[in-house]
Amino acid sequence: MINKTLVSIFLQAIPLVIAINTAFMPAASAETVTAVIYDEAFKPAERAASMISMTDASKSNFKDIKRVALSSFQVQFVTKGAAGASSYSMGKKGNATTNMQITLVGLGPTDFQAITDKLYADFVIDLKAMNIEVVPMEQVQAAAAYKKMAASGRPAPAETRDRTSWSTIYAPAGLALYGLGSSGNPAGMFGALNAFGEVSSTMFTNIELGKELDAALFVVRMVVNFVDTKSSNASWFGRSSGEAKVSWDVGPSIASEESTLTINNQTWNTTLKLRSPLLINGAAFKEVKDTTSVAANVGLALFSLAIGQGGSSSVVEKEAVADPEKYRELVGAGAAAVRAMWMEKFRAAQ
4 MINKTLVSIF LQAIPLVIAI NTAFMPAASA ETVTAVIYDE AFKPAERAAS
54 MISMTDASKS NFKDIKRVAL SSFQVQFVTK GAAGASSYSM GKKGNATTNM
104 QITLVGLGPT DFQAITDKLY ADFVIDLKAM NIEVVPMEQV QAAAAYKKMA
154 ASGRPAPAET RDRTSWSTIY APAGLALYGL GSSGNPAGMF GALNAFGEVS
204 STMFTNIELG KELDAALFVV RMVVNFVDTK SSNASWFGRS SGEAKVSWDV
254 GPSIASEEST LTINNQTWNT TLKLRSPLLI NGAAFKEVKD TTSVAANVGL
304 ALFSLAIGQG GSSSVVEKEA VADPEKYREL VGAGAAAVRA MWMEKFRAAQ
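If you count by the numbering used here, then the sequence shown holds residues 4 to 353, one letter each, in order.
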């Protein structure tokens with residue numbers, strides 16, 4: 004006899020397979036995502052309906068949830084961003100090429116850990132305020148199914164990267180990183196397949212953990228950016244204009260789509276997803292410094308000429324210098340606003 008629960012969970016993985024197959028293909032069209040500014044007038048309870056999407060809500064019975072385990076809790080802080088562009092012009096020899104890197108400085112592990120720990124503690128407070136029992140972290144860690152998943156992951160904090168950014172992922176003290184985010188996430192198709200493997204390998208073990216703890220599982224993942232980079236390579240006109248351009252907007256934000264709360268209740272799971280980036284006050288940064296290396300520019304120019312491109316080449320290097328106290332305050336408040344919207348959506352579904 005086929006286990007209906009396993010079939011249901013397997014079918015829920017199909018969209019992820021499709022996403023992996025299309026993640027590195029040029030998009031025929033892209034939906035414009037409008038960022039939302041977080042300020043003193045922002046009211047999470049009023050914004051939750053429009054800013055938080057929920058998958059498979061009709062199949063979920065939130066009223067059954069009386070006991071919750073925060074089994075996976077990841078906050079990913081982007082610490083370095085990169086962008087590159089190359090352009091040619093009809094009738095002219097050679098390409099124009101530029102590369103940019105910008106690094107977040109002025110912060111240490113204790114700053115990121117403090118934001119993560121506060122976010123976790125507030126989740127516990129919210130759940131208890133809804134008369135939902137929260138499984139103590141020590142009991143989660145002692146579960147055999149959790150130990151199995153933790154052994155396949157790695158301890159926090161851990162570094163990871165993709166094609167255009169470098170990050171460090173934090174978890175509350177004691178919780179391991181497993182599932183999505185448990186590896187270095189190398190760029191390209193192999194990275195996407197690796198991510199799928201990470202998720203699928205923990206999918207069935209999550210069912211075991213829920214049964215062992217007799218609790219619904221809350222899996223939290225939040226991504227905190229500090230820079231938005233743009234490249235003229237995004238359009239054909241940019242690639243053929245003869246000018247290679249990159250630009251950046253420095254300021255913290257909570258990433259849309261990647262920031263999710265997944266609720267797994269053994270026979271079903273649903274994901275609450277941030278639909279729009281949440282822009283946080285740029286006062287978290289003191290300044291942006293130009294640290295461009297002359298040697299790097301000379302090296303890139305010589306390389307460009309050596310391969311017969313001619314044209315011009317440049318490298319731009321910058322540092323975004325954070326104010327630690329303001330960063331913790333402002334980013335912590337932005338993260339709390341996303342948490343409040345997730346919980347408002349959950350509360351309304353109950």
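Note that CB positions come from ideal geometry on N, CA and C, so glycine has one too.
Quick caveat: nothing in here was measured; it's all calculated off a predicted structure.
Legend entry - Among Ala48, Gln269, Ser168, Val222, the one whose alpha carbon lies nearest that of Glu215: Minimum Cα distance to Glu215 is reached at Gln269.
Inset, instruction - Could you tell me whether the Cβ atoms of Phe349 and Phe45 are closer together than 8 angstroms? - result: Judged by beta-carbon spacing, Phe45 lies beyond the 8 angstroms limit of Phe349, meaning their Cβ atoms are not closer than that value.
Inset, instruction - Assign Ala132 to one of two classes, buried (16 or more other C-beta atoms within 10 Å of its C-beta) or exposed (fewer than that). - result: Classification of Ala132: exposed, given that the 10 Å Cβ count is below 16.
Legend entry - Distance between beta carbons of Ala287 and Arg70, contact taken as under 8 angstroms: Their Cβ separation, rounded to whole angstroms, is 37 angstroms, which puts Arg70 and Ala287 out of contact at 8 angstroms.
Legend entry - Cβ pair count under 8 angstroms reaching 3, the stretch 143-157 against the stretch 99-112: The stretch 143-157, when compared against the stretch 99-112, does not touch it at the 8 angstroms Cβ threshold.
Inset, instruction - Rounded to whole angstroms, what's the CA-CA distance from Ala343 to Ala176? Just pull it up for me. - result: Going from the Cα of Ala343 to the Cα of Ala176 covers about 22 angstroms.
Inset, instruction - Return the chain-ordered list of same chain residues with a C-beta closer than 8 angstroms to the C-beta of Ser279, the five sequence neighbours on each side being excluded. - result: Val36, Thr37, Ala38, Val39, Met54, Ser259, listed in sequence order.
Inset, instruction - May I ask which residues mark the beginning and end of the alpha helix (DSSP H) holding Ser155? - result: Note, Ser155: alpha helix (DSSP H), 147-155.
Inset, instruction - Take the Cβ of Glu43 as the centre, count every other Cβ of all protein chains shown within 10 Å, and call the residue buried at 16 or more, exposed below. - result: That one is exposed.
Inset, instruction - Decide if Arg224 is buried, meaning its Cβ has at least 16 other Cβ atoms within 10 Å, or exposed. - result: With 16 or more other Cβ atoms within 10 Å, it is buried.
Inset, instruction - Return the CA-CA distance between Ala52 and Val318, expressed in angstroms with no decimal places. - result: One C-alpha to the other measures close to 43 angstroms.
Inset, instruction - Indicate whether Val227 and Val324 have their beta-carbon atoms separated by less than 8 angstroms. - result: In terms of Cβ geometry, Val227 and Val324 do not form a close pair [threshold 8 angstroms].
Legend entry - Coil, strand or helix - Phe45 by DSSP: Three-state DSSP puts Phe45 in coil, outside helix and strand.
Legend entry - DSSP beta-bridge partners of Arg166: BP columns for Arg166 are empty, so no partner.
Legend entry - Distance CB(Val78)-CB(Tyr173) smaller than 8 angstroms: With respect to Tyr173, Val78 sits close: the two C-beta atoms are nearer than 8 angstroms.
Inset, instruction - Given a cut-off of 8 angstroms, decide if Ala338 and Ile128 are closer than it, judged by their beta-carbon atoms. - result: Not in contact: Ile128 and Ala338 (Cβ atoms no closer than 8 angstroms).
Inset, instruction - Using 10 angstroms around the beta-carbon of Pro139, count the other beta-carbons present and answer buried if the total reaches 16, otherwise exposed. - result: Counting Cβ neighbours within 10 Å, Pro139 comes out exposed, since fewer than 16 surround it.
Legend entry - Sequence-distant residues of its chain with Cβ nearer than 7 angstroms to Arg50 (five each side left out): The residues are Met344.
Legend entry - Cβ neighbours of Leu178 in the same chain (closer than 6 angstroms, five flanking residues each side left out): If we look at Leu178 and ignore the five residues flanking it on each side, its Cβ neighbours are Phe76.
Legend entry - Classification of Pro158 by the beta-carbon crowding that lies within 10 angstroms, buried from 16 upward: Pro158 should be labelled exposed.
Legend entry - For Gly182, three-class secondary structure by DSSP: For Gly182, the three-state secondary structure derived from DSSP is coil.
Inset, instruction - Assign Val78 to one of three DSSP states: helix, strand, or coil. - result: DSSP places Val78 in strand when its eight states are reduced to three.
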